[in-house]
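Chemist: Dropping the structure in here first, questions after.
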Amino acid sequence: MWRNARIALAVALTTTCAAAQDARKSGSAYMGPDTQAMQADDQANPGMLSALDGEALWNAPQGVTGKSCASCHGDATTSMKGVAARYPAFDAAHGAPVDLAGRINLCREANQQAPALSREGREAIGLATYIGLQSRGMPVAPPDDARLAPFRQKGQALYTQRMGQLNFSCAQCHDDNAGGHLGAAPIPQAHPTGYPLYRLEWQATGSLQRRFRNCMAGVRAEPFSYGSAEFIALELYLMDRAKGMAVETPAVRP
Amino acid sequence: MRALAVAFALLSGAAYGQALAPFQIEDGEIRASLTGQPGDPARGRAIVGERQKGLCLLCHKGPFPETPFQGDLAPTLNGVGARLSEGALRLRMVDGANVNPQTIMPAYYRVDGLTRVAPALRGKPLLNAQEIEDVVAYLLTLKDGDAPGRLK
Chain R
0 MWRNARIALA VALTTTCAAA QDARKSGSAY MGPDTQAMQA DDQANPGMLS ALDGEALWNA
60 PQGVTGKSCA SCHGDATTSM KGVAARYPAF DAAHGAPVDL AGRINLCREA NQQAPALSRE
120 GREAIGLATY IGLQSRGMPV APPDDARLAP FRQKGQALYT QRMGQLNFSC AQCHDDNAGG
180 HLGAAPIPQA HPTGYPLYRL EWQATGSLQR RFRNCMAGVR AEPFSYGSAE FIALELYLMD
240 RAKGMAVETP AVRP
Chain P
0 MRALAVAFAL LSGAAYGQAL APFQIEDGEI RASLTGQPGD PARGRAIVGE RQKGLCLLCH
60 KGPFPETPFQ GDLAPTLNGV GARLSEGALR LRMVDGANVN PQTIMPAYYR VDGLTRVAPA
120 LRGKPLLNAQ EIEDVVAYLL TLKDGDAPGR LK
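Structural data, given as structure tokens:
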């Protein structure tokens with residue numbers, strides 16, 4: 000009852016905000032000027048090195064077929080424009096949504112006949128970063144596909160579910176307390192617009208799901224696994240929530 | 000046979016954690032000490048100030064000049080010992096949801112009704128009974144300070 004009232008209120012607020020002024024802010028808005036400058040300068044942004052890794056792999060023959068991504072998709076700077084902005088997307092063969100990392104692995108297995116890449120490894124992160132870069136500056140544009148709706152709803156339910164020994168939901172931090180400080184850390188609004196991104200704390204470029212796992216570990220919950228239906232549902236919900244915001248891949252975060 | 004029973008008891012102890020001490024909530028307070036003993040305020044201060052253990056300063060500010068970055072999601076702890084009675088503080092520590100069902104403050108002495116707790120922590124409260132008493136004893140010493148309120 001209380002939750003329904005809250006959702007209704009949230010919907011009303013969202014509509015009013017969209018009409019009046021967009022209160023949504025990327026995580027980069029909460030960063031210090033040094034980190035913002037590092038993200039803005041391609042020479043200084045370490046995420047660009049991952050994009051270079053990805054570009055090399057895009058053009059490298061792989062697997063039994065000896066085909067590269069470019070053999071089928073040509074020049075990524077044109078063929079991959081806007082792709083990351085509309086993922087996750089529904090995959091009819093699986094009857095479920097796939098995220099970009101999942102799509103890359105489906106292509107590797109089916110079209111290159113090469114083994115799937117480990118999700119957080121340098122190659123998978125490189126390809127996802129290179130593909131994400133082709134959407135940089137474009138608005139997040141979730142597909143208008145009715146088959147995604149139940150998965151998105153599941154993502155929203157997970158987002159508002161309290162979890163872990165500390166018993167927090169994502170929404171309690173990122174909706175109710177965004178802009179506040181958890182110790183030294185400003186709490187951002189949890190927009191997925193910058194991923195894969197270089198995180199100084201990781202000393203590496205990492206995925207949105209790695210970030211999810213950090214937050215879940217933070218509340219002392221058992222994290223969902225990489226590529227799980229739960230994480231894809233959460234990503235679907237967050238991409239919808241960030242609809243129209245600019246893709247920033249590769250972003251930098253503290 | 001006996002050895003087996005002992006081993007089994009140890010095993011289930013590990014699996015289910017320590018049982019919580021019983022307590023009674025009356026008029027928004029838990030009046031009796033969970034251990035039957037008074038807590039130690041010096042140990043309590045150490046728990047509150049320690050980031051991995053108490054976590055308190057992630058959300059609250061308090062008289063901890065040695066801790067530079069204190070959170071701002073909750074009322075200050077300054078003066079809390081004058082605002083709340085010992086029993087009200089104890090209830091807050093055990094499970095603040097009894098006062099405010101929507102609270103974000105974790106229940107420090109509760110093990111049920113939680114979802115997907117990390118396997119190593121299942122069945123374990125955030126603090127044990129002695130630690131709760133130590134923190135309550137410390138909070139009671141915080142008699143003066145700023146007015147309460149959200150420091151956003």
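Residue numbers (numbering that gives the first Met the number 0), protein chains in the order written: chain R, 0 to 253; chain P, 0 to 151.
We treat Cβ as the ideally placed atom computed from N, Cα and C, and that holds for glycine.
From a predicted model like this one, the values you see are computed outputs, not experimental measurements.
So for R/Arg-210, helix, strand or coil by DSSP?
Modeler: By one-based count along the first sequence, residue 210 of chain R stands at place 211. In the structure shown, R/Arg-210 adopts helical secondary structure according to DSSP, grouped into three states.
Chemist: Short of 7 Å Cβ to Cβ, which residues in the segment 54-65 of chain R face chain P?
Modeler: none
Chemist: What's the gap between the Cα of P/Val-47 and the Cα of R/Arg-252?
Modeler: For the purposes of this step, residue 47 of chain P is taken as the residue at position 48 of the second sequence. For the purposes of this step, residue 252 of chain R is taken as the residue at position 253 of the first sequence. So the two alpha carbons sit approximately 29 Å from each other.
Chemist: Is there a C-beta anywhere in chain R that falls below 8 Å from the one on P/Arg-89?
Modeler: Here residue 89 of chain P refers to the residue found at position 90 when the second sequence is read from its first residue. Cβ-Cβ to chain R under 8 Å: no for P/Arg-89.
Chemist: From the DSSP output, which residues share a beta bridge with R/Leu-181?
Modeler: Within the first sequence, numbered from 1, the residue matching residue 181 of chain R stands at position 182. Its beta-bridge partners are R/Ala-184.
Chemist: Taking just the CA atoms, how far does R/Asn-110 sit from R/Ala-148?
Modeler: The residue given as residue 148 of chain R occupies position 149 in the first sequence. The residue given as residue 110 of chain R occupies position 111 in the first sequence. Distance between the alpha carbons of R/Ala-148 and R/Asn-110 is about 29 Å.
Chemist: Can you grab the Cα-Cα spacing for the pair P/Asn-99 / R/Val-246, in whole Å?
Modeler: Position 100 of the second sequence, counted from the start, is the residue given in the question as residue 99 of chain P. Position 247 of the first sequence, counted from the start, is the residue given in the question as residue 246 of chain R. Whole-angstrom Cα-Cα distance: 39 Å.
Chemist: With distances taken Cα to Cα, identify the nearest neighbour of R/Tyr-225 among R/Arg-240, R/Phe-211 and R/Met-238.
Modeler: For the purposes of this step, residue 225 of chain R is taken as the residue at position 226 of the first sequence. The candidate whose alpha carbon is nearest that of R/Tyr-225 is R/Phe-211.
Chemist: How far does the beta strand (DSSP E) with R/Gly-205 in it extend, from its first residue to its last?
Modeler: Residue numbering aside, residue 205 of chain R sits at position 206 when the first sequence is read from its first letter. Residue range 203-205 is occupied by the beta strand (DSSP E) that includes R/Gly-205.
Chemist: Quick check on R/Glu-221: does DSSP put it in helix, strand or coil?
Modeler: Against the first sequence, residue 221 of chain R aligns to sequence position 222. Residue state, collapsed to three classes: coil.
Chemist: Report the residue from R/Cys-214, R/Leu-199, R/Gly-26 and R/Asp-143 whose alpha carbon sits nearest the alpha carbon of R/Arg-161.
Modeler: Position 162 of the first sequence, counted from the start, is the residue given in the question as residue 161 of chain R. If we check each option's Cα against that of R/Arg-161, R/Cys-214 comes out closest.
Chemist: Return the Cβ separation of R/Pro-264 and R/Gly-243 in integer angstroms, given the expectation that the two are a contact with Cβ distance under 8 Å.
Modeler: The structure shown has nothing for residue 264 of chain R, since chain R only spans 0 to 253.
Chemist: Under 8 Å between the Cβ atoms of R/Asn-183 and R/His-173?
Modeler: Mapped onto the first sequence, residue 183 of chain R falls at position 184. Mapped onto the first sequence, residue 173 of chain R falls at position 174. Reading the sequence as shown, one finds Ala at residue 183 of chain R and not Asn. Going by C-beta atoms, R/Ala-183 is not nearer than 8 Å to R/His-173.
Chemist: May I ask you to list, following chain order, the residues of the segment 51-81 of chain P that have a beta carbon less than 8 Å from some beta carbon of chain R?
Modeler: Leu-54, Leu-56, Leu-57, Cys-58, Pro-67, Phe-68, Gln-69, Gly-70, Asp-71 and Leu-72
Chemist: Just checking: is the beta-carbon of R/His-93 within a distance shorter than 8 Å of some beta-carbon in chain P?
Modeler: To locate residue 93 of chain R, count along the first sequence from 1; it is residue 94. By this cut-off, R/His-93 is not an interface position.
Chemist: Work out the CA separation of R/Leu-233 and R/Thr-191 for me, nearest whole Å.
Modeler: For the purposes of this step, residue 191 of chain R is taken as the residue at position 192 of the first sequence. For the purposes of this step, residue 233 of chain R is taken as the residue at position 234 of the first sequence. The question names Thr, but residue 191 of chain R is Pro in the sequence shown. Rounded to the nearest angstrom, the gap between the Cα atoms of R/Pro-191 and R/Leu-233 is 10 Å.
Chemist: Please list, in chain order, the chain P residues whose beta carbon lies closer than 7 Å to that of R/Arg-161.
Modeler: In the first sequence, residue 161 of chain R corresponds to position 162, counting from 1. Within 7 Å Cβ-Cβ: Thr-114.
Chemist: The beta strand (DSSP E) with R/Val-139 in it runs from where to where?
Modeler: Here residue 139 of chain R refers to the residue found at position 140 of the first sequence. Counting along the chain, R/Val-139 falls outside any beta strand (DSSP E), and DSSP gives it neither H nor E.
Chemist: Select from the segment 169-184 of chain R all residues with a C-beta closer than 9 Å to any C-beta belonging to chain P, and list them in chain order.
Modeler: Gln-171, Cys-172, Asp-175, Asn-176, Gly-178, Gly-179, His-180, Leu-181, Gly-182, Ala-183 and Ala-184
Chemist: Can you list, in chain order, the residues of the segment 116-142 of chain R whose Cβ is nearer than 9 Å to any Cβ on chain P?
Modeler: none
Chemist: What are the boundary residues of the beta strand (DSSP E) that includes R/Pro-96?
Modeler: In the first sequence, counting from the first residue as 1, residue 96 of chain R sits at position 97. 95-97 is the extent of the beta strand (DSSP E) around R/Pro-96.
Chemist: Buried or exposed for R/Arg-240, please, with buried defined as at least 16 other CB atoms from any protein chain shown within 10 angstroms of its CB.
Modeler: Translated into the one-based positions of the first sequence, residue 240 of chain R becomes position 241. With 16 or more neighbouring CB atoms inside 10 Å of its own CB, R/Arg-240 falls in the buried class.
Chemist: Are the segment 105-124 of chain P and the segment 152-168 of chain R touching, with three or more C-beta to C-beta distances below 8 Å?
Modeler: yes
Chemist: Please list the residues of the segment 202-222 of chain R that have a C-beta atom closer than 9 Å to any C-beta atom in chain P, keeping them in chain order.
Modeler: Within the segment 202-222 of chain R, the residues whose Cβ lies closer than 9 Å to some Cβ of chain P are Met-215, Ala-216, Val-218, Arg-219, Ala-220, Glu-221 and Pro-222, listed in chain order.
Chemist: Can the beta-carbon of P/Val-135 be found less than 8 Å from the beta-carbon of P/Arg-82?
Modeler: The residue given as residue 135 of chain P occupies position 136 in the second sequence. The residue given as residue 82 of chain P occupies position 83 in the second sequence. Their beta carbons are not under 8 Å apart, which means P/Val-135 does not touch P/Arg-82 by this criterion.
Chemist: What would DSSP say about R/Gly-53, mapped onto helix, strand or coil?
Modeler: Position 54 of the first sequence, counted from the first residue, corresponds to residue 53 of chain R. Of the three classes helix, strand and coil, the one that applies to R/Gly-53 here is helix, per DSSP.
Chemist: Here's the rule I'm using: 16 or more other beta-carbon atoms within 10 Å means buried, otherwise exposed. How should R/Leu-93 be labelled?
Modeler: For this step, residue 93 of chain R is matched to residue 94 along the first sequence. It is His, not Leu, that sits at residue 93 of chain R in the sequence shown. It counts as exposed.
Chemist: Secondary structure at R/Leu-196, three-state DSSP: helix, strand or coil?
Modeler: The residue labelled residue 196 of chain R in the question sits at position 197 within the first sequence. Strand at R/Leu-196.
Chemist: Going along chain R, which residues have a C-beta under 8 Å from P/Ala-117?
Modeler: Your numbering for residue 117 of chain P matches position 118 in the second sequence. Here the neighbours are Gly-163, Gln-164, Ala-216, Arg-219, Ala-220 and Glu-221.
Chemist: Roughly how many angstroms separate the alpha carbons of P/Arg-163 and R/Ala-177, rounded to a whole number?
Modeler: Look at the range of chain P in this structure, 0 to 151, and you will see that residue 163 of chain P is not part of it.
Chemist: To the nearest angstrom, how far is it from the Cα of R/Pro-60 to the Cα of R/Phe-167?
Modeler: Locating residue 60 of chain R in the first sequence gives position 61, counting from the first residue. Locating residue 167 of chain R in the first sequence gives position 168, counting from the first residue. Going by the C-alpha atoms only, they are around 46 Å apart.
Chemist: For a contact defined as C-beta to C-beta under 7 Å, what are the partners of P/Pro-21 on chain R?
Modeler: Taking the second sequence and counting its residues from 1, the one referred to as residue 21 of chain P is at position 22. Those within 7 Å of P/Pro-21 in chain R number zero; the least Cβ separation is about 21 Å.
Chemist: Taking 8 Å as the CB-CB limit, is R/Leu-233 close to chain P?
Modeler: Position 234 of the first sequence, counted from the start, is the residue given in the question as residue 233 of chain R. It does not; no Cβ of chain P falls within 8 Å.
Chemist: Tell me, which residues are paired with R/Phe-89 by DSSP?
Modeler: The residue given as residue 89 of chain R occupies position 90 in the first sequence. Paired residues: R/Pro-96.
Chemist: Under the three-state reduction of DSSP, which class applies to R/Phe-230: helix, strand or coil?
Modeler: Your numbering for residue 230 of chain R matches position 231 in the first sequence. Reduced to three states, the DSSP call for R/Phe-230 is helix.
Chemist: When the cut-off is 8 Å and only beta carbons count, does R/Phe-89 lie next to chain A?
Modeler: Of the protein chains in the structure, R and P, none is chain A.
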